[in-house]
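Only one structure is covered here, and it is reproduced in the block below.
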Amino acid sequence: MALGKWIGGIVGFMTLGPLGALAGLVLGSLFDNIDDARKRLLGGPADARDPYGRPAADPDPYRGQRDSFLFSLLVMASYIIKADGRVMHSEMEFVRGFLRANFGEIAVQQGQQILMRLFEEQKKMNASDPMAFRRTIRDCGRQIADNLSYEERLQLLAFLARIAKADGRVSPEEIEALKEVAVAMGMTIAEVESLLNLKSDSLEDAYKVLEVSPSATDDEIRAAYRRLALKHHPDKVAALGPDILKAANEKFQQINAAKERVFKARGMK
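First residue of the sequence shown: 3, per the working numbering; consecutive thereafter.
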């Protein structure tokens with residue numbers, strides 16, 4: 003079965019490094035033949051040619067960016083989903099819902115196949131060395147850190163946090179895996195804690211959302227809010243697709259709600 007247009011060409015930074023190696027292993031097995039896979043992985047869709055036989059320019063200038071983001075997300079999702087040793091239906095359904103909203107029903111089937119291949123690779127790598135896939139994830143995180151913007155990495159981490167929360171409970175293993183992925187991608191543990199507490203209504207969690215302690219000064223809280231509002235602004239990830247943009251808007255609103263709770267409790271304006 004050949005993959006659809008939603009991930010038809012892995013371009014840019016994903017042709018090399020640990021992500022490129024995983025793409026070759028996982029995506030190649032889903033194409034009709036290895037030659038078709040190679041053409042897609044290295045030069046875009048196999049049948050996309052101009053009149054001179056050269057790879058045709060993609061009419062969507064953001065396609066490679068979205069494809070690279072999507073595959074990076076699926077790789078990291080495979081690690082978070084298996085962090086507690088189980089593949090929960092609710093977590094898989096969350097991923098399916100994301101694919102369905104952005105790419106259609108065929109993409110749901112293909113995305114699930116990619117995740118299953120990644121689970122198989124994880125099992126295969128860990129058979130002789132239990133740390134093998136973990137090291138690969140760390141290497142992938144560093145590659146992501148070198149090639150995706152901070153805002154894109156933040157949205158990727160937010161999506162992983164939402165997967166972990168999909169079954170209504172975030173296990174200690176999932177929290178540790180999220181922190182590990184965040185650090186590998188050049189982010190902080192405080193950002194993980196902020197994302198995990200976004201939907202809470204407590205004042206204590208509102209401080210965590212703003213990434214400050216209750217002992218912070220009013221000026222420190224104002225500065226923290228301005229910093230968060232800037233880095234979570236939805237406009238910075240508009241090219242990644244409607245579901246990512248929607249999630250960014252929701253997160254932006256939740257940050258504002260946390261700010262209002264803290265400001266009200268302190269009598270700030």
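Glycine residues also receive a C-beta, built at the ideal position from the N, C-alpha and C atoms.
Inter-residue Cα distance where the pair is residue i and residue j
| i | j | result |
| --- | --- | --- |
| Phe73 | Leu198 | 23 Å |
| Asp52 | Gly188 | Residue placement at Asp52 is flagged as unreliable, the pLDDT there being 48, under the threshold of 50; the coordinate-derived value follows with that caveat. Roughly 40 Å separates the two Cα atoms. |
| Ala218 | Pro236 | 27 Å |
| Phe112 | Arg98 | The sequence shown places Gln at residue 112, rather than the Phe named in the question. When rounded, the distance between both Cα atoms is 10 Å. |
| Val239 | Val194 | 19 Å |
| Glu222 | Ile257 | 16 Å |
| Glu107 | Gln114 | 11 Å |
| Ala247 | Glu182 | First, the residue type needs correcting, since residue 247 is Leu and not Ala in the sequence shown. Between Leu247 and Glu182, the C-alpha separation is close to 25 Å. |
| Glu122 | Arg228 | 43 Å |
| Asn128 | Arg137 | 10 Å |
| Ser215 | Lys167 | 23 Å |
| Met118 | Leu18 | 22 Å |
| Ala249 | Val172 | 19 Å |
| Ala23 | Ile82 | 20 Å |
| Glu95 | Gln255 | 25 Å |
| Lys126 | Met133 | 12 Å |
| Gly10 | Asp148 | Residue confidence for Gly10 is low, a pLDDT of 45 falling below 50, so the modelled location carries little weight and cannot support an answer. |
Residue i and residue j closer than 8 Å at C-beta
| i | j | result |
| --- | --- | --- |
| Ala260 | Ala208 | yes |
| Ala160 | Lys253 | yes |
| Val28 | Leu120 | yes |
| Gly143 | Ala103 | no |
| Leu180 | Phe71 | no |
Anticipated Cβ contact below 8 Å, residue i with residue j, distance rounded
| i | j | result |
| --- | --- | --- |
| Asp131 | Pro20 | 15 Å between Cβ atoms; not a contact. |
| Ala109 | Leu162 | In fact, because the Cβ distance is near 19 Å, the residues do not count as touching under 8 Å. |
| Ile165 | Arg155 | Contact doesn't hold; Cβ gap of about 16 Å is too wide. |
| Ile116 | Leu158 | Wrong, their Cβ atoms sit about 16 Å apart, outside the cutoff. |
| Ala152 | Lys233 | The sequence as given places Tyr at residue 152; Ala does not occur at that position. That pair is a contact at about 7 Å. |
Neighbourhood of residue i by C-beta distance below 7 Å, restricted to the same chain and skipping five residues each side
| i | result |
| --- | --- |
| Asp169 | Met90, Ser92 and Glu93 |
| Lys266 | none |
| Ser196 | Lys210, Val211 and Glu213 |
| Gln124 | Ser80, Lys84 and Phe135 |
| Thr190 | Ala184 |
| Asp37 | Its pLDDT being 43, under 50, Asp37 is placed unreliably in this model, and the value from its coordinates should be taken loosely. Result list for Asp37: empty, nothing under 7 Å. |
Residues near residue i by beta carbon distance below 8 Å, same chain, minus five either side
| i | result |
| --- | --- |
| Arg263 | Asp203, Leu205 and Ala208 |
| Gly87 | Glu175 |
| Ile177 | Ala166, Val194 and Leu198 |
| Arg268 | Asp220 and Ile223 |
| Ile139 | Val77, Met78, Tyr81, Glu182, Val183 and Ala186 |
Residues near residue i in its chain [Cβ-Cβ closer than 6 Å; skip 5 each side]
| i | result |
| --- | --- |
| Ala192 | Glu213 |
| Met270 | Asp220 |
| Asn251 | Pro236 |
| Leu230 | Ile257 |
| Lys7 | For Lys7, the pLDDT reaches just 42, beneath the cut-off of 50, and the residue's location in the model is therefore unreliable, although a value from the coordinates is still provided. Cβ neighbours of Lys7 beyond the five flanking positions: none. |
Closer than 8 Å to chain C by CB, residue i
| i | result |
| --- | --- |
| Arg140 | Absence of chain C from the displayed structure is noted, only one protein chain being present. |
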